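Numbering of the sequence shown is given in my numbering, commencing with residue 74 and proceeding in unit increments.
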Amino acid sequence: MLPKGFVRRGLVLAGLSFTFACSAFAAPASSPVGSSNVTVADPGVPRPPGTPCVVQLFSNDTFDDYGTRSFSYAPPAGCPGHWSKVVLEADFSVTAGVQYDRTATIWLGGVNLYFGTTQEPGATLAPSWHVERDLTDYIALLGQAGQGQAIIGNTVNSTYNGVIHGSAKLLFYPASILAPSAQVADAIYPLGSDPVGNTVTLATPADQLTKTLSLPRNVERAYLDVFAQSQYDDEFWYTCVPDQYAAEVDECGGGNFREAEISIDGQPAGVAPVYPWIYTGGIDPFLWEPTPGVQTLNFMPYRVDLTPFAGVLSNGASHTVAVSVAGANNYFSATATLLVYLDSHTKQISGQIERNTLADQPPTPTIGSTLSTDASGDVTGNITTNLSRHYVIEGYADTAHGRVHSQVDATVGFADTQGFTINATTYDQVTDQYTSADSKSQSNVGGSVTAEYHEHVGYPLHLDIDQVVAADGSATVASTTHQGYEKRDEHVLGGIVLYSAKVGNKVDSADTLDFDASGNFTGHTGQHSKQEFTFRDSLGGCYRSDVGSLSGVVSSYDSGKNCPDQQNRVFWFTHPDGSPDDGNAAVLGW
Numbered sequence: 074m075l076p077k078g079f080v081r082r083g084l085v086l087a088g089l090s091f092t093f094a095c096s097a098f099a100a101p102a103s104s105p106v107g108s109s110n111v112t113v114a115d116p117g118v119p120r121p122p123g124t125p126c127v128v129q130l131f132s133n134d135t136f137d138d139y140g141t142r143s144f145s146y147a148p149p150a151g152c153p154g155h156w157s158k159v160v161l162e163a164d165f166s167v168t169a170g171v172q173y174d175r176t177a178t179i180w181l182g183g184v185n186l187y188f189g190t191t192q193e194p195g196a197t198l199a200p201s202w203h204v205e206r207d208l209t210d211y212i213a214l215l216g217q218a219g220q221g222q223a224i225i226g227n228t229v230n231s232t233y234n235g236v237i238h239g240s241a242k243l244l245f246y247p248a249s250i251l252a253p254s255a256q257v258a259d260a261i262y263p264l265g266s267d268p269v270g271n272t273v274t275l276a277t278p279a280d281q282l283t284k285t286l287s288l289p290r291n292v293e294r295a296y297l298d299v300f301a302q303s304q305y306d307d308e309f310w311y312t313c314v315p316d317q318y319a320a321e322v323d324e325c326g327g328g329n330f331r332e333a334e335i336s337i338d339g340q341p342a343g344v345a346p347v348y349p350w351i352y353t354g355g356i357d358p359f360l361w362e363p364t365p366g367v368q369t370l371n372f373m374p375y376r377v378d379l380t381p382f383a384g385v386l387s388n389g390a391s392h393t394v395a396v397s398v399a400g401a402n403n404y405f406s407a408t409a410t411l412l413v414y415l416d417s418h419t420k421q422i423s424g425q426i427e428r429n430t431l432a433d434q435p436p437t438p439t440i441g442s443t444l445s446t447d448a449s450g451d452v453t454g455n456i457t458t459n460l461s462r463h464y465v466i467e468g469y470a471d472t473a474h475g476r477v478h479s480q481v482d483a484t485v486g487f488a489d490t491q492g493f494t495i496n497a498t499t500y501d502q503v504t505d506q507y508t509s510a511d512s513k514s515q516s517n518v519g520g521s522v523t524a525e526y527h528e529h530v531g532y533p534l535h536l537d538i539d540q541v542v543a544a545d546g547s548a549t550v551a552s553t554t555h556q557g558y559e560k561r562d563e564h565v566l567g568g569i570v571l572y573s574a575k576v577g578n579k580v581d582s583a584d585t586l587d588f589d590a591s592g593n594f595t596g597h598t599g600q601h602s603k604q605e606f607t608f609r610d611s612l613g614g615c616y617r618s619d620v621g622s623l624s625g626v627v628s629s630y631d632s633g634k635n636c637p638d639q640q641n642r643v644f645w646f647t648h649p650d651g652s653p654d655d656g657n658a659a660v661l662g663w
């Protein structure tokens, strides 16, 4: 049997019509085919018409230690007033050599502007990459001066010699007739205690990212953007097994169920599913050259609707908003941002929670096993972990519009099967996992529904890691991976779907590592991967890009395939990248 962890980190060293403007995603100026540099199929953030004002946050900073890179921020003097959209653009690179993947974050006034990880370099490859994030919903933060910082903790010495560089800027698009001012939150509150910004470590399920806030007395709606990134022993949480089986299958314990739990004043208030991100040093580093896994370089936050609590949050008392991670086993790195919308027509809102069925449903999965061990010590069978919860949270708020009843009706699911074939020459582990969340947010006044938003997210994951030892003691490790990100949403009014959109992002990769009888890495074969990214909406928006690779080189690239005129084209106010969509702010989000 090959030892646990033989691969995972050991190889790091080696319908409706509108006149609003569309954004056309142009294909690369030159084909990436033949390149070994980072190549992804993800769309950028679509832009409204007009010339943006640019604020440079930092430029070509060097990240070669664990210090922060501070910057001062001021809103753009050339674009005062209202903006239709604000976009963060960041560019990173790492010099050729040896380096781990590193976590990268950008902060302003305690609020996270970007969260992701870095690409690993090669002996002769110095990769570079570009990321974008739609920050329009954070305009209340960006309208005032503040202090920010970028953090990429990085060890640089005689062994780990890859130096990371980065630049970032904000693009502000002035409002116009074709691109009106964005309807955004009135106030932004970061959770956590760092006034400039940093993550909080959640080592156990009892640990919390928390903030006690005194909010305005006229909160009408509220949302929480949540990031929960697995680190250290939890990095490969999706392959772990319950403690009682860990020794039998020679795997990490702690189980493989992870889920972010949100609470207000200790009362369960929502759930954020945890995405199984795989970093570019994970499983087998060659799997992710040149195309990394889903969202690896640019995480998307999960937005939790807290609007049923609006009346409670407006009562003038201090309230504690907290995030924990069920199943955390050393550890998760977390941050969250509270977005608050106010009723401008009244100074005082009152209300209360009327129903909360999540409070009686702890996140305790059901565990099953068909494992068997024969007389020779060979192990076969499956371990299953399952949890499905349906909950309803209802509350009312007495606003200037009348008594508004808000309801979040959600079902969250987790299904995982770990299959094992273990004997003297083989250690084969197959992970099949699916995390899902289906929610419906609804508000009504006087019995008439005023807004309704439906959302589905799904996170499929398949891993097959097959380690085989030959008669001469040499070994191969064949890895096959599938990651997916599914998102569907609908804006509904009076039972009529006014707008719908569907995002799909999947990455399939495979590679085989070779080792000699002494365990020395001798090479790899059969590397290939493909990423497919799709977006369609009911306005006729369409985005489709595919990128394939062989032996670490881009072998195919298609853009616009199966879209009208074979061209990617979306409306500027949509979210083709899968970023959060505030379903109740406005029917179409502008």
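Where a beta carbon is used, it is the ideal one built from N, C-alpha and C, also for glycine. No experiment lies behind these values; they were computed from the predicted model shown.
Query                                                                                                             : Result
Which listed residue (F382, F309, Y630 and V477) has its alpha carbon closest to that of A401                     : F309
heavy atom of the ligand GTP below 7 Å from S109 C-beta                                                           : By its list of ligands, the structure shown contains no ligand whatsoever, and the ligand GTP lies outside what it can speak to.
Residue(s) in a DSSP beta bridge with W156                                                                        : P247
Local Cβ density within 10 Å of I250, reported as buried at 16 or more and exposed below that                     : exposed
Residue(s) in a DSSP beta bridge with D584                                                                        : S552
Where Y305 sits in the DSSP three-state scheme                                                                    : helix
Runs of alpha helix (DSSP H) lying entirely within the stretch 256-298, each at least 4 residues, in chain order  : none
Own chain partners of T598 with C-beta closer than 6 Å, once the 5 adjacent residues on each side are dropped     : T585
Close-in-space but distant-in-sequence residues of the same chain around S166 (CB under 6 Å, 5 per side omitted)  : S201 and H238
L379 to I335 span [Cα, whole Å]                                                                                   : 9 Å
Rounded straight-line distance, which links the Cα of T439 to that of F487                                        : 10 Å
Nonlocal neighbours in the same chain, by C-beta distance under 6 Å from V485, ignoring five residues either side : V344, R462 and A510
Classification of Y139 by the beta-carbon crowding that lies within 10 angstroms, buried from 16 upward           : exposed
Cβ-Cβ distance between T437 and N185 below 8 Å                                                                    : no
Under 8 Å between C-beta atoms of Y616 and L411                                                                   : no
Close beta carbons around V565, own chain, < 6 Å, minus the five adjacent residues each side                      : E525
Of the residues A342, A241, G226 and V503, the one placed nearest L536, counting alpha carbons only               : V503
Secondary structure of T458, DSSP reduced to three states                                                         : strand
Cβ neighbour criterion (16 or more within 10 Å) applied to T353                                                   : buried
Status (buried if at least 16 other CB within 10 Å, exposed otherwise) for V127                                   : exposed
Beta-carbon gap between T197 and D174 smaller than 8 Å                                                            : no
For W361: DSSP bridge partner residues                                                                            : Its beta-bridge partners do not exist; DSSP assigns none.
Given 8 Å, three or more beta-carbon pairs between the stretch 337-351 and the stretch 539-546                    : no
Local Cβ density within 10 Å of K420, reported as buried at 16 or more and exposed below that                     : exposed
Euclidean distance between Cα positions of F188 and F594                                                          : 32 Å
Same chain, Cβ closer than 8 Å to G59, neighbours up to 5 away in sequence not counted                            : Not covered by the structure: residue 59. The range shown for the chain is 74 to 663.
Exposure label - H418; buried when at least 16 CB within 10 Å                                                     : exposed
Cα-Cα separation, A659 to Q256                                                                                    : At A659 the pLDDT is 44, less than 50, meaning the model places this residue with poor confidence and gives no usable figure here.
Residue span of the beta strand (DSSP E) that contains Y664, given as start and end                               : Residue numbering for the chain in the displayed model covers 74 to 663; residue 664 lies beyond these limits and cannot be assessed.
Alpha-carbon spacing of S391 relative to G384, whole angstroms                                                    : 13 Å
Runs of beta strand (DSSP E) lying entirely within the stretch 207-247, each at least 3 residues, in chain order  : 219-224 and 237-247
Spatial neighbours of A260 in its chain, beta-carbon cut-off 6 Å, leaving aside the 5 residues before and after   : A213 and V413
Closest residue to V576 among H529, P153 and A177 (Cα-Cα distance)                                                : H529
Classification of Y246 by the beta-carbon crowding that lies within 10 angstroms, buried from 16 upward           : buried
For W156 and P649, the rounded distance between their alpha carbons                                               : 20 Å
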